[in-house]
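Novice: Numbering (the numbering used here), first residue to last: 32 to 303. We put the CB at the ideal spot given by N, CA and C, even for glycine. Bear in mind the structure is a predicted one, so any value in this text is a computation, not a measurement.
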Amino acid sequence: MAEFQTRYHEVRTTRSAGLSRGMASFAAVLLVTVVLGHRRGLVDTTAFFWVLGIVALLAAFALLLSGFAFSRLWKFGDRGGHDLTFGALLALVVLAPFGFVAYQIATLPMLRDISTDVDDPPALTAAASLRTSAMNRLEIPTAGERTLQTQSYPLVAGRRYDLSLDQVLQSVSAVLARQGWEIVVPPPAADKATGEVDIEAVARTFILALPSDVAIRMVDDGDSTFVDMRSASRYGRHDLGENAARITAFLAELDQEIANQAGTATTATPEQ
Numbered sequence: 032m033a034e035f036q037t038r039y040h041e042v043r044t045t046r047s048a049g050l051s052r053g054m055a056s057f058a059a060v061l062l063v064t065v066v067l068g069h070r071r072g073l074v075d076t077t078a079f080f081w082v083l084g085i086v087a088l089l090a091a092f093a094l095l096l097s098g099f100a101f102s103r104l105w106k107f108g109d110r111g112g113h114d115l116t117f118g119a120l121l122a123l124v125v126l127a128p129f130g131f132v133a134y135q136i137a138t139l140p141m142l143r144d145i146s147t148d149v150d151d152p153p154a155l156t157a158a159a160s161l162r163t164s165a166m167n168r169l170e171i172p173t174a175g176e177r178t179l180q181t182q183s184y185p186l187v188a189g190r191r192y193d194l195s196l197d198q199v200l201q202s203v204s205a206v207l208a209r210q211g212w213e214i215v216v217p218p219p220a221a222d223k224a225t226g227e228v229d230i231e232a233v234a235r236t237f238i239l240a241l242p243s244d245v246a247i248r249m250v251d252d253g254d255s256t257f258v259d260m261r262s263a264s265r266y267g268r269h270d271l272g273e274n275a276a277r278i279t280a281f282l283a284e285l286d287q288e289i290a291n292q293a294g295t296a297t298t299a300t301p302e303q
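Structure representation (structure tokens):
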């Protein structure tokens, strides 16, 4: 009877630790697979978010199972320490990105549409026709959202260059080519009589390839050209700071491009 109890005891312990390892391994493989599939366009974004939720649940359960197995090991001297340790560590690795996202949600403003001109954002005309019912609607930011953006992202500001519209357009096109964004509305080849050129593109995040619609507006202001930019996420109520980072990075690169081409570049903050 004692031998039977010992064998039964070992089987239960090995099963908890083994389940932890197997579940964590499956969560890790599923995470890598769905991320690669979404980046290659094989997984729909809505389904992608659901799978990410499943991955987080699997990793959390794996961590709980490893904790249960550890309690058995601590109290009764059961076996399975190697499996539960591997399962716990792998589960923590899988959960780390989710923890980082939770931190960003808690510390960054809940915005999804950022513009250098909060009062008159560049139009996303083509983007509106490309968005489905599952995506965020393109709406005029509320007064609260405009104030929140101004307070949270003071560096998101338009640029004024002491150059002609054609010269600025040439530099903007060069920066766009390096970004690798999908151009939806290219700049007109001619007929700039209105004194304004608008470009629309689709940009994607580096790792998850989540899409955002981008608009760039260049306005001829006589002896100078003013550049405004807008970036709006297609999915999610929170952009995790991605749109503001995209705009500031693009305009910083545009500053450098114009400095290299023309020798000088000046910037100005638009009236808010």
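#1: Could you tell me the distance, in whole angstroms, from the CA atom of Ala122 to the CA atom of His69?
#2: Measure the alpha-carbon distance for Leu73 versus Thr64 and round it to whole angstroms.
#3: Could you pull the DSSP bridge partners for Thr256 from this structure?
#4: Verify whether the separation of the beta carbon atoms of Val199 and Thr256 is less than 7 Å.
#5: Distance cutoff 7 Å, beta carbons only. Does Val245 sit that close to anything in chain C?
#6: Here's a check: name, in chain order, each residue in its chain whose Cβ is nearer than 6 Å to the Cβ of Ala246, leaving out the five neighbours to either side.
#7: Hey, could you find the ends of the alpha helix (DSSP H) Ser160 is sitting in?
#8: Can at least three beta-carbon pairs, one atom from the stretch 199-209 and one from the stretch 273-280, be found at a separation below 8 Å?
#9: From the DSSP secondary-structure annotation, give me the bridge partner or partners of Asp244.
#10: Going by DSSP, what residues sit across from Ile214 in a beta bridge?
#11: Any idea if Tyr134 is buried or exposed, counting beta-carbon neighbours within 10 angstroms, 16 or more meaning buried?
#12: Check whether the stretch 90-103 and the stretch 45-62 are in contact - that is, three or more C-beta pairs closer than 8 Å.
#13: Please state whether the Cβ-Cβ distance between Pro217 and Val228 is less than 7 Å.
#14: Could you tell me which of Asp244, Thr236 and Thr225 sits nearest to Ala159, measuring between CA atoms?
#15: Which residue comes first and which comes last in the beta strand (DSSP E) that contains Ser183?
#16: Given that a residue counts as buried once 16 or more other Cβ atoms are within 10 Å of its Cβ, and exposed if not, what is Ile136?
#17: On a CA-only basis, which of Ala100, Asp251, Asp197 and Thr173 is nearest Phe304? Give me that one, please.
#18: Sort out for me which residues DSSP pairs Glu170 with in a bridge.
#19: Report buried or exposed for Ser202, applying the criterion of at least 16 other Cβ atoms within 10 angstroms of its Cβ.
#20: What residue range is occupied by the uninterrupted beta strand (DSSP E) comprising Asp144?
#21: Between the C-alpha atoms of Arg177 and Ala119, what's the straight-line distance to the nearest angstrom?
#22: Here's the rule I'm using: 16 or more other beta-carbon atoms within 10 Å means buried, otherwise exposed. How should Leu89 be labelled?
#23: Excluding five sequence neighbours on each side, which residues of the same chain lie with their C-beta closer than 6 Å to the C-beta of Ala87?
#24: Pick out whichever of Ile85, Ser195, Arg265 and Ala188 has its Cα sitting closest to the Cα of Thr279.
Specialist: Inspection of the coordinates gives the following:
#1: Within the sequence shown, the letter at position 91 stands for residue 122. Within the sequence shown, the letter at position 38 stands for residue 69. So the alpha carbons of these two residues sit roughly 22 Å apart.
#2: The residue given as residue 73 occupies position 42 in the sequence shown. The residue given as residue 64 occupies position 33 in the sequence shown. Roughly 10 Å between the two C-alpha positions.
#3: Here residue 256 refers to the residue found at position 225 of the sequence shown. Paired residue(s): Tyr192 and Asp251.
#4: For the purposes of this step, residue 199 is identified with residue 168 of the sequence shown, where counting begins at 1. For the purposes of this step, residue 256 is identified with residue 225 of the sequence shown, where counting begins at 1. The Cβ-Cβ distance between Val199 and Thr256 falls below 7 Å.
#5: Protein chains in the displayed structure number just one, and chain C is not present.
#6: Numbered from its first residue, the sequence shown carries residue 246 at position 215. Scanning its chain for C-beta atoms nearer than 6 Å, with the 5 sequence neighbours on each side dropped, one finds around Ala246 the residues Pro153, Leu155, Glu231 and Arg261, in chain order.
#7: Walking along the sequence shown from the start, residue 160 turns up at place 129. If you look at Ser160, you'll find it in the alpha helix (DSSP H) that goes Thr156 to Leu161.
#8: No, the stretch 199-209 is not in contact with the stretch 273-280.
#9: Stepping through the sequence shown from its first residue, residue 244 is reached at position 213. Its beta-bridge partners are Val233 and Ala263.
#10: Here the question's residue 214 lines up with position 183 in the sequence shown. As computed with DSSP, Ile214 is found in a beta bridge with Ala232.
#11: The sequence position of residue 134 within the sequence shown is 103, counting from 1. Exposed: under 16 other Cβ atoms inside 10 Å.
#12: Result yes; three or more Cβ-Cβ pairs closer than 8 Å.
#13: On the sequence shown, residue 217 is found 186 positions in, with the first residue counted as 1. On the sequence shown, residue 228 is found 197 positions in, with the first residue counted as 1. Between Pro217 and Val228, the C-beta gap is not smaller than 7 Å, which leaves the two residues out of contact.
#14: The residue you call residue 159 lines up with position 128 of the sequence shown. For Ala159, the nearest C-alpha among the options comes from Asp244.
#15: Numbered from 1 along the sequence shown, position 152 holds the residue referred to as residue 183. That residue, Ser183, is in no beta strand (DSSP E); its alpha helix (DSSP H) goes Ala174 to Ser183.
#16: Looking up residue 136 in the sequence shown gives position 105. With fewer than 16 other Cβ atoms from the protein chains shown falling within 10 Å of its own Cβ, Ile136 counts as exposed.
#17: Coverage of the chain is limited to positions 32 through 303, which leaves residue 304 absent and any answer about it impossible.
#18: Against the sequence shown, residue 170 aligns to sequence position 139. Answer is none; Glu170 lacks a bridge partner.
#19: Here the question's residue 202 lines up with position 171 in the sequence shown. So Ser202 counts as buried.
#20: Along the sequence shown, read from residue 1 onward, the residue named residue 144 stands at position 113. Counting along the chain, the unbroken beta strand (DSSP E) around Asp144 starts and ends at Asp144 to Ser146.
#21: The count along the sequence shown starts at 1 and reaches residue 177 at position 146. The count along the sequence shown starts at 1 and reaches residue 119 at position 88. For Arg177 and Ala119, the gap between their C-alpha atoms comes out near 43 Å.
#22: As a working mapping, residue 89 is identified with position 58 in the sequence shown. In the assembly as shown, Leu89 is a buried residue. Its beta-carbon has 16 or more other beta-carbons within 10 Å.
#23: Walking along the sequence shown from the start, residue 87 turns up at place 56. Residues Phe129 of the same chain have their beta carbon placed closer than 6 Å to that of Ala87, with the five preceding and five following residues left out of the count.
#24: Here residue 279 refers to the residue found at position 248 when the sequence shown is read from its first residue. Comparing Cα positions, the closest option is Ala188.
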